[in-house]
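**Student:** Chain order of the listed sequences is E and Y.
Note that this note's numbering gives residue 137 to position 137 of the first sequence, counting from 1, and the numbers run on in steps of one.
Remember, this note's numbering sits 329 above the position in the second sequence when you count from 1.
Just so you know, even glycine gets a beta-carbon here, dropped at the ideal spot from N, CA and C.
A single structure is presented below for examination.
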Amino acid sequence: MKTLIPFNYTLIVVAIGSALLGIISGALGTYAVLRRQSLLGDAISHAALPGIAIAFLLTGSKTPLILVLGAALAGWLGTLLILSIIKLTRIKYDSALALVLSTFFGCGLVLHTLIQRTGNANQAGLDTFLFGQAASLLERDVLTMGILGGIALLIMSLFWKELKLLVFDEAFATSIGLPVRALDILLTSLLTVAIVLGLQAVGAVLMSAMLVAPAVAARQWTDRLAHMVLLAALFGAIAGVSGTVISSSASRIPTGPTIVLCATVIVGFSIALAPNRGLVWHWVRQRKNKARMQRHGKTTFTAQEKLAERLATDRKLLESPQREGDLEA
Amino acid sequence: MNTLETKAIEVTDLTVAYQEKPVLWDVDLDVPPGVLLAIVGPNGAGKTTLIKAILGLVRPAAGRVLIYEKPYPAQRRIVGYVPQRGSVDWDFPTNVLDVVMMGRYGNLGWIRRPGKAERELAMNALEKVGMQAYAERQISQLSGGQQQRVFLARALVQDATVYFMDEPFQGVDATTERAIVALLQELRANGKTVVVVHHDLQTVTDYFDWVMLLNIHRIASGPVEETFTSDNLRQTYGGRVAFMKN
Chain E
1 MKTLIPFNYT
11 LIVVAIGSAL
21 LGIISGALGT
31 YAVLRRQSLL
41 GDAISHAALP
51 GIAIAFLLTG
61 SKTPLILVLG
71 AALAGWLGTL
81 LILSIIKLTR
91 IKYDSALALV
101 LSTFFGCGLV
111 LHTLIQRTGN
121 ANQAGLDTFL
131 FGQAASLLER
141 DVLTMGILGG
151 IALLIMSLFW
161 KELKLLVFDE
171 AFATSIGLPV
181 RALDILLTSL
191 LTVAIVLGLQ
201 AVGAVLMSAM
211 LVAPAVAARQ
221 WTDRLAHMVL
231 LAALFGAIAG
241 VSGTVISSSA
251 SRIPTGPTIV
261 LCATVIVGFS
271 IALAPNRGLV
281 WHWVRQRKNK
291 ARMQRHGKTT
301 FTAQEKLAER
311 LATDRKLLES
321 PQREGDLEA
Chain Y
330 MNTLETKAIE
340 VTDLTVAYQE
350 KPVLWDVDLD
360 VPPGVLLAIV
370 GPNGAGKTTL
380 IKAILGLVRP
390 AAGRVLIYEK
400 PYPAQRRIVG
410 YVPQRGSVDW
420 DFPTNVLDVV
430 MMGRYGNLGW
440 IRRPGKAERE
450 LAMNALEKVG
460 MQAYAERQIS
470 QLSGGQQQRV
480 FLARALVQDA
490 TVYFMDEPFQ
500 GVDATTERAI
510 VALLQELRAN
520 GKTVVVVHHD
530 LQTVTDYFDW
540 VMLLNIHRIA
550 SGPVEETFTS
560 DNLRQTYGGR
570 VAFMKN
C-alpha cells in the first residue's frame, strides 16, 4: 500500500480528527474500564472489520458514513453473538470473546484480501482500517466523527447518574426499577460508536487501547468519576494529536501504533508518578517509614512491625484533610 | 382475596432454577408488617436467591410475589434493598455521600440530578449510621464495617416500608454489628418490615422476632419462639447443628 498524504489535507484537519477520537474513546472507555469490559472493546473493533468489507462490496463506495455503518452493524452483531454464547452455552465470557473476535477478524481479513484481488481501483484505503492511517482523514470524516461522537457524549451526560449506578451497582439499579438491560445496550452501543469512529485513524487491531489506556491513566490521578471521564478524554486527545503528528511527519508509519505508543507513555507516567496511587509515592512512603523507625533506634524489623507502621502511615494519610467532594459526580 | 390482615410480603410457590438445577423449590412465605425476619439456612440454601427473586433480580421459573398485595414492580418505591457488600467494586471512583444519594435515584426519575434535598437526606442517613464524618471520604478507603454502614445509609434514604438486606453482618466488627442491630430494631419500631439474610444461628433469638428456615424448600417460618426449634434446625441443616442449648 502506498501512503497518501496529499497537500490539500492540512495537518490541522487530521489533528482535529484525532483529538476528537481521543476525547470520545477516552470518555466512553472509562465506563468499559470500570465495568472490567476492556476486552469487549477489542472484540467489537475486530468484529467491525468484516462489516467494512461487506459494506464496500455491497455499495462499492468508500463514503465514511456507509463504512462506519457497516462496521457498527458488524460490531453489534459480534457483541450480540458474544452475549448469546454466554447465555445459551456454558462457554465462559473470555472464551466467547476470543472466539468471536478471532472469527470475525478472520472473516474480515479474507474479505479484504478478496477485495484487493479484484483490483478495484477504488479499494485503495480499505487497508487503513487494519492499522489506521490518520492522514487519510478527510474533512467529511472529521465532521462525521464530531457529530456522531458529540451525540454519544451528549447521551452519556444525559444519563450520567443512571449509567453511574449501572456500573457501580447493577443489582441495586435493577431493584429501584432502572431498565439495566436497556442501559447496558445503550452503553455498549455508545462504546461501539466510539470504536467505529476510531477505526479509520487507529485501526481495528489497536483501537481497544484507545478505550483502555486513557481511562487507566486517568484513574491514577483522581477518585471522582466526573474527573476521571474528563481526564481520560484529555489524555485521549493528547495521545491522538501527538501520535498523529509524529506518524504524519514520518511517512509510512501507521498512525494506530504511534497513537497507542503515545497513550502508553501517558499510562506509564501516570502509574509511576500520580499522587496516592503512583508507584513513586508508595516508594517515598516506604522510605519515610523506614527512616522514622531507624530514628527510634531500630535497624531490623519483624514483618508485624513493618505492617503496623505501614497501617499507621496509611491511617494518617486517610485522616489528612480530604479534598472537597463532588456531589454531582 | 380478603385476608384478615394485610401481609407485607406474600410469596407463593416460588421456584427458581439455575441451569435446570433447582435453587428454590416451591417456597411459600407470608410476612406480616412490622417484623424483623431472619432468613437462615446452610450455604447454597437459596437465601440470597430468595431475596433476589422477590426483588425481580432473578427470574423465577414459577411462583408469585406480592408486596402489600401488589406485584413488586408496582411497589418499588416502598422497598429498600441492601445488597451484599462484596457485590460491588469498592475501588469505584466516588465518595460516601454520592453512594448514599444513589438511594434517591429511584425517586428522582430520569435525567434529574440529585440536589440539595437529596444531600440533606443522605447526611441524615449517614448520621443515623454514625458515618457523617465520612461523607466526603473515598469509598476505597472504607473498612468492611464502614462499607456496610454506607449501604445501610443508602437503603435508609430510600425511605422504604419493606427492607431486604443480604448479609448485613457479614465481616463487620462487634461495634458495627451492635449498631446495625439497633438500627434494624428502630426500623421495626417504626412499623417497617425488615428481611435479613443471616448466618449466625447463635444471635437469631436475640436480634430477630421472626425467622424463616430455608434449604431450597421452606422448612418453616414464623415467630422465633415457635419456629426456631432444634427439630426444625435439624431438618434445615441435616443434623449438623450441635450447639443448640435446648
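#1: With the cut-off set at 8 Å, would you say E:V196 and E:A71 are in Cβ contact?
#2: Taking a Cβ distance cut-off of 8 Å, strictly less, list which residues of the segment 380 to 391 of chain Y are near chain E, in chain order.
#3: Taking the CB atoms as reference points, tell me whether Y:H546 and Y:V356 lie closer together than 8 Å.
#4: Examine chain Y for any beta-carbon lying closer than 8 Å to the beta-carbon of E:K87, and answer yes or no.
#5: Whose C-alpha, out of E:I12, E:V14, E:G29, E:L11, is nearest the C-alpha of E:L225?
#6: State buried or exposed for Y:T335, treating a residue as buried only when at least 16 other CB atoms are found within 10 Å of its CB.
#7: List the DSSP bridge partners of Y:T522.
#8: At 4 residues or longer, and completely inside the segment 162 to 230 of chain E: list those alpha helix (DSSP H) runs for me, N to C.
#9: Determine the contact status of E:A215 and E:T264, defining contact as a CB-CB distance below 8 Å.
#10: Under three-state DSSP, which class holds Y:Q467?
#11: Going along chain E, which residues have a C-beta under 7 Å from Y:Y434?
#12: To be precise: take each residue of the segment 415 to 439 of chain Y, compare its Cβ to all Cβ atoms of chain E, and keep it if any distance is under 9 Å. Which residues remain?
#13: Nearest to E:T174 by alpha carbon, out of Y:Q531, Y:V408, Y:T490?
#14: Alpha carbon to alpha carbon, what distance is there between E:G256 and E:L206?
#15: Rounded to the nearest angstrom, how far is the Cβ of Y:Q477 from that of Y:R517, given a contact under 8 Å?
#16: Starting from Y:Y410, find everything on chain E with Cβ-Cβ shorter than 7 Å and list it in chain order.
#17: Once the 5 residues before and after Y:Y410 are set aside, which same chain residues still bring their CB inside 7 Å of it?
#18: What's the call for Y:K350, buried or exposed, on a 16-neighbour Cβ count within 10 Å?
#19: Using the Cα positions of E:N276 and E:A27, report the straight-line distance between them to the nearest angstrom.
#20: Between E:L99 and E:L40, how many whole angstroms is the CB-CB distance? I'm expecting something under 8 Å.
#21: Near Y:Q467, which residues of its chain fall below 7 Å by C-beta distance, leaving aside the five closest residues on each side in sequence?
#22: Is the beta carbon of E:G132 sitting closer than 8 Å to the one on E:V180?
#23: List, in order along the chain, the chain E residues whose C-beta lies closer than 9 Å to that of Y:P402?
#24: Check whether the segment 187 to 194 of chain E touches the segment 425 to 438 of chain Y, counting contact only when three or more Cβ pairs, one atom from each stretch, lie closer than 8 Å.
#25: Answer with yes or no whether the minimum CB distance from Y:V340 to chain E is below 8 Å.
#26: Could you have a look at E:V36 and say whether DSSP puts it in helix, strand or coil?
#27: Please determine, among Y:Q461, Y:V523, Y:L353, the residue with the shortest C-alpha to C-alpha distance to Y:A489.
#28: Whose C-beta lies closer than 6 Å to the C-beta of Y:F273 among residues of the same chain, with five residues either side of it excluded?
#29: State yes or no: is the C-beta of Y:V369 within less than 8 Å of the C-beta of Y:A337?
#30: Closest by CA to Y:T377, which one among Y:F557, Y:E554, Y:L542?
#31: Determine the direct distance from the alpha carbon of Y:R388 to that of E:S45, and round the result to whole angstroms.
#32: Return the CA-CA distance between E:I82 and E:V167, expressed in angstroms with no decimal places.
#33: Output the boundary residues of the alpha helix (DSSP H) element that contains Y:A482.
#34: Between the segment 136 to 147 of chain E and the segment 449 to 461 of chain Y, do at least 3 Cβ pairs fall closer than 8 Å?
#35: Indicate whether Y:L343 and Y:A367 have their beta-carbon atoms separated by less than 8 Å.
#36: So the alpha helix (DSSP H) E:L73 belongs to, where does it begin and stop?
**Tutor:** With the given structure in hand:
#1: It is a contact, given that the beta carbons lie within the stated cut-off.
#2: Listed by position, the residues of the segment 380 to 391 of chain Y near chain E (Cβ gap below 8 Å) are K381, L384, G385, L386.
#3: A contact, by the Cβ cut-off of 8 Å.
#4: No, because no Cβ of chain Y sits closer than 8 Å to the Cβ of E:K87.
#5: When C-alpha distances from E:L225 are compared across E:I12, E:V14, E:G29, E:L11, the shortest belongs to E:G29.
#6: Residue burial is scored here from C-beta neighbours: Y:T335 has fewer than 16 other C-beta atoms within 10 angstroms and is therefore classed as exposed.
#7: Here Y:T522 is bridged, per DSSP, to Y:V491.
#8: If we require 4 residues or more, the alpha helix (DSSP H) runs fully inside the segment 162 to 230 of chain E come out as 170 to 175, 180 to 202, 207 to 221.
#9: Contact annotation: E:A215 and E:T264 have beta-carbon atoms that are not nearer than 8 Å.
#10: In the three-state DSSP reduction, Y:Q467 falls in the strand class (E or B).
#11: Residues of chain E passing the Cβ test: K161, L165, I176.
#12: Listed by position along the chain: S416, V417, D418, D420, F421, P422, T423, N424, V425, L426, D427, V428, M430, M431, G432, Y434, G435, N436, L437, W439.
#13: For E:T174, the nearest C-alpha among the options comes from Y:V408.
#14: Answer to the nearest angstrom: the Cα atoms are 6 Å apart.
#15: Rounded, the Cβ-Cβ distance is 19 Å, inconsistent with contact.
#16: Result: F172, S175.
#17: Excluding residues within five positions, the ones whose Cβ falls inside 7 Å are L384, A484, F493.
#18: Exposed.
#19: Cα to Cα, the separation comes out at about 22 Å.
#20: Their Cβ separation, rounded to whole angstroms, is 13 Å, which puts E:L99 and E:L40 out of contact at 8 Å.
#21: Closer than 7 Å at Cβ, skipping near neighbours: N424.
#22: Going by beta carbons, E:G132 and E:V180 fall outside the 8 Å limit.
#23: Within 9 Å Cβ-Cβ: G177.
#24: Not touching, per the Cβ criterion.
#25: Chain E, which has no Cβ nearer than 8 Å to the Cβ of Y:V340, makes this no.
#26: With the sequence shown as reference, residue 36 of chain E is identified as Arg, and Val is not the correct amino acid for it. Coil.
#27: Of Y:Q461, Y:V523, Y:L353, the residue nearest in Cα terms is Y:V523.
#28: Any answer about residue 273 of chain Y is impossible in this case: the structure gives chain Y only from 330 up to 575.
#29: Y:V369 is not a Cβ neighbour of Y:A337, given a cutoff of 8 Å.
#30: Scanning Y:F557, Y:E554, Y:L542 for the CA closest to the CA of Y:T377 turns up Y:L542.
#31: The alpha-carbon separation between E:S45 and Y:R388 amounts to approximately 33 Å.
#32: Distance between the alpha carbons of E:I82 and E:V167 is about 19 Å.
#33: For Y:A482, the enclosing alpha helix (DSSP H) has its first and last residue at 473 to 486.
#34: No, the segment 136 to 147 of chain E is not in contact with the segment 449 to 461 of chain Y.
#35: Taking 8 Å as the Cβ cut-off, Y:L343 and Y:A367 do not qualify as a contacting pair.
#36: DSSP places E:L73 inside the alpha helix (DSSP H), whose first and last residues are 64 to 88.
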